[in-house]
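Chains Y and W supply the protein sequences, listed in that same order. Under my numbering, the first sequence has 56 at position 51, and the numbering climbs by one with no breaks. Under my numbering, the second sequence has 106 at position 46, and the numbering climbs by one with no breaks. Accompanying notes for the structure given below.
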Amino acid sequence: DTGVSQNPRHKITKRGQNVTFRCDPISEHNRLYWYRQTLGQGPEFLTYFQNEAQLEKSRLLSDRFSAERPKGSFSTLEIQRTEQGDSAMYLCASSSDRSYVNEQFFGPGTRLTVL
Amino acid sequence: AQRVTQPEKLLSVFKGAPVELKCNYSYSGSPELFWYVQYSRQRLQLLLRHISRESIKGFTADLNKGETSFHLKKPFAQEEDSAMYYCALSNNFGNEKLTFGTGTRLTIIP
């Protein structure tokens, strides 16, 4: 499968615990995005990277959230001291800046449940 | 601030009938508009984009800057069109963040 992959697909954790998600983009894509989707809503932008540089962060990304893309390939999203309000689907997408249109390819998502 | 509004959360249409999913946006510059679709148990995928002016799976969407709308249309609905549809925008032509609407769940009645 050459599409965007995300691990784990599901995560159940207790409030206060830390969690980390991984995203592997399409190999030739240099841009990587994180979105969050809650029930009944569309995906909401969290942050994005061009290569290893984090170019934009949403105000939704509190201090408890951190994202990295150390070698410009895979990315991790960590949530510290999880809260019940963090329960959501976390989506990763990738794209290439060599494409003249903004077509983002999405992964299957990681569903987080905070008890 | 940029915003996308999809007024219908649910839409049911009989097979063979015309479909129109509404999308309105607010944006101060020249946005790029998209429709993304999510079929049951599949990932979100791009359906079409306004810059391409193409028809995908019989769907078309015209950008109306005067009405700030980008409605998705299909003349004859098919059962396989049942899915969740999201309208989205980004700025200019760069690979920037997408702002999504809340989505419309389309159900085609056989």
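Note that beta-carbon positions come from the ideal geometry of N, C-alpha and C, so glycine has one too. Treat the numbers as computed from the prediction; the structure is a model and nothing was measured.
- Put simply, the backbone Cα of residue 89 of chain Y is about 33 Å away from that of residue 151 of chain W.
- Taking the Cα of residue 69 of chain Y as reference, the smallest distance to any Cα among Y:23, Y:53, Y:10, Y:12 is reached at Y:23.
- Within the same chain, and ignoring the five residues on either side of residue 113 of chain Y in sequence, the residues whose Cβ sits closer than 7 Å to its Cβ are 11, 14.
- Proximity of chain Y to residue 89 of chain W at the Cβ level (cut-off 8 Å) is not reached, the minimal Cβ distance being about 14 Å.
- Neighbours of residue 145 of chain W across chain Y, judged by C-beta separation under 7 Å, do not exist; the nearest C-beta is about 10 Å away.
- Going by beta carbons, residue 49 of chain Y and residue 160 of chain W fall inside the 9 Å limit.
- Note on geometry: alpha-carbon atoms of residue 70 of chain W and residue 76 of chain Y lie some 42 Å from one another.
- Rounded to whole angstroms, the gap between the alpha carbons of residue 90 of chain W and residue 72 of chain W is 32 Å.
- Using beta-carbon distances, residue 92 of chain W counts as an interface residue toward chain Y, with a partner under 9 Å.
- CA-CA distance, residue 92 of chain W to residue 75 of chain W, rounds to 31 Å.
- With a threshold of 9 Å between beta carbons, residue 109 of chain W makes contact with chain Y.
- Taking 9 Å as the CB threshold, residue 126 of chain W stays off the interface with chain Y.
- At a beta-carbon threshold of 9 Å, the residues of chain Y lying near residue 160 of chain W are 40, 42, 46, 47, 48, 49, 50, ordered along the chain.
- Look at residue 53 of chain Y: its C-beta is under 9 Å from a C-beta on chain W.
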